[in-house]
Amino acid sequence: MNNLTTGRPPAYRAVITGHGSFAPEKTLTNDELGKMVDTSDEWIATRTGIKVRHITTDNESTAMLAIEAAKRALAEANLDAEELEIIIVATVTPEMVFPSTASFVQRALGAKKAWVFDLAAACSGFVYGLSIVQQFMESSRYKNALVIGAETLSKIVDWTDRTSCILFGDGAGAFVLERSRDGRKGIIYSTMHSDGDRWEALNCQAYGSRHPASRELEDPKKIYMQIKGREVYQQAIRRIVETINSSLKACDLTIDDISMLISHQMNARIIESASKRLELPNEKVFINIGEYGNTSAASVPIAFDECVRTGRIKRGDIVILVVFGAGLTWGANVLEF
Ligand SMILES: CC(C)(COP(=O)(O)OP(=O)(O)OC[C@H]1O[C@@H](n2cnc3c(N)ncnc32)[C@H](O)[C@@H]1OP(=O)(O)O)[C@@H](O)C(=O)NCCC(=O)NCCS
1 MNNLTTGRPP AYRAVITGHG SFAPEKTLTN DELGKMVDTS DEWIATRTGI
51 KVRHITTDNE STAMLAIEAA KRALAEANLD AEELEIIIVA TVTPEMVFPS
101 TASFVQRALG AKKAWVFDLA AACSGFVYGL SIVQQFMESS RYKNALVIGA
151 ETLSKIVDWT DRTSCILFGD GAGAFVLERS RDGRKGIIYS TMHSDGDRWE
201 ALNCQAYGSR HPASRELEDP KKIYMQIKGR EVYQQAIRRI VETINSSLKA
251 CDLTIDDISM LISHQMNARI IESASKRLEL PNEKVFINIG EYGNTSAASV
301 PIAFDECVRT GRIKRGDIVI LVVFGAGLTW GANVLEF
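For the sequence shown, our numbering assigns the number 1 to the initial residue and increments by one for each residue that follows.
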């Protein structure tokens, strides 16, 4: 048996005891997009793997999606929200500038004992959140936590820009984590990285303190997400491969020990290309971008939830979660489910 503990095992681990996801009912197909911008189902599906995405209505918000996903994860964990100690919402499309989206989740769940905050690491936010909770539980400071990835990217997408609007969708996913002494189960290892020098590759510049809502924008497009697709594409493959290889090495695992790779769903071609370089067979790589598009911080927990529900991940499996996104940011968690 491989050494999964990377040194002396901690007394406690953060174990996933519940998971849930939620996407708005309204959908937008590639054919429908083809009526909005100069694109086609064929172009989008071949270049990205996306067929359809879920989109919020004007009456739906990030907190609403987060709350639904959280309720499902709590039900699965059989944990009363009143017992929750920490709520982290990973998002770059928060409910408001402040308070945090997590405050609205806390209120809706009645999680009065918890301390709560948002985490802004774009598509990497959920995995960053898991690594924070891992530290809290290994140090035995907290017993449980709720980590949510929730996004309404449709609200910051330029629906006239065919190079970006085809990529994104809305949704939320959540994990309940509980402290456990149960041997190897739970998050085994996390590694997180950032490169602020490349912030321009992916951004949405208004309305922050540099471009406040109170001042007219020189370029009105700054309210929308801007991406340098080619640069992101290349960086993503490189960083995913690098991060998985270093994680396996740190855990003394080989690619054969992995039951499933759950990657951030940014483009099926990026995931396939990275998996090929890692020599991971197709059946060990989960891709559901076809039905959701890129949901940023929500994509990993949505994919994980679907994977478990369809029987593709079982208790005891070794799973790698890997992410890449704006910042730039990237990272991975290795866990035994
Ligand atoms: C966006 C992405 C799908 C573009 O695919 P690509 O193969 O790199 O395509 P290119 O940008 O080189 O464009 C190729 C051509 O298709 C055109 N094109 C771009 N979007 C199009 C669309 N939606 N429909 C039809 N044609 C399109 C371009 O204008 C270009 O035309 P040209 O050759 O006449 O100039 C790909 O780069 C990608 O997935 N990048 C990462 C996306 C990202 O940043 N995600 C968020 C990170 S987490």
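Think of the CB as a built atom: it goes at the ideal place given N, C-alpha and C, for glycine as much as any other residue.
Selected residue, minimal CA-CA separation from residue i, among the options
i           : options            : result
residue 38  : 161, 332, 307      : 161
residue 33  : 23, 44, 209        : 44
residue 332 : 134, 305, 138, 316 : 134
residue 93  : 319, 298, 324, 316 : 298
residue 250 : 334, 233, 269, 231 : 334
residue 140 : 122, 181, 168, 100 : 181
residue 296 : 75, 48, 66, 150    : 150
residue 65  : 270, 105, 50       : 105
residue 159 : 223, 254, 112      : 223
residue 155 : 42, 57, 78         : 57
residue 291 : 50, 71, 336, 231   : 50
Pair within 7 Å by beta-carbon distance, residue i and residue j
i           : j           : result
residue 188 : residue 146 : no
residue 14  : residue 137 : yes
residue 300 : residue 98  : no
residue 192 : residue 128 : yes
residue 266 : residue 157 : no
residue 118 : residue 102 : yes
residue 164 : residue 227 : yes
residue 274 : residue 287 : no
residue 313 : residue 319 : yes
residue 81  : residue 174 : no
residue 8   : residue 293 : no
residue 324 : residue 240 : yes
Reduced DSSP secondary structure (H/G/I, E/B, other) of residue i
i           : result
residue 118 : strand
residue 164 : coil
residue 13  : strand
residue 189 : strand
residue 266 : coil
residue 100 : coil
residue 175 : strand
residue 59  : coil
residue 137 : helix
residue 203 : strand
residue 21  : strand
residue 92  : coil
residue 46  : helix
residue 298 : helix
residue 180 : strand
residue 108 : helix
residue 3   : Note on residue 3: pLDDT 40, under 50, position unreliable in the model; the coordinate value appears next. Residue 3 falls in the coil class under three-state DSSP.
residue 317 : coil
residue 230 : helix
Integer Cβ distance of residue i from residue j, believed to fall under 8 Å
i           : j           : result
residue 329 : residue 131 : Incorrect: roughly 12 Å between the Cβ atoms, too far for contact.
residue 172 : residue 61  : At roughly 11 Å, the Cβ-Cβ gap does not stay under 8 Å, so residue 172 and residue 61 are not in contact.
residue 148 : residue 69  : 6 Å
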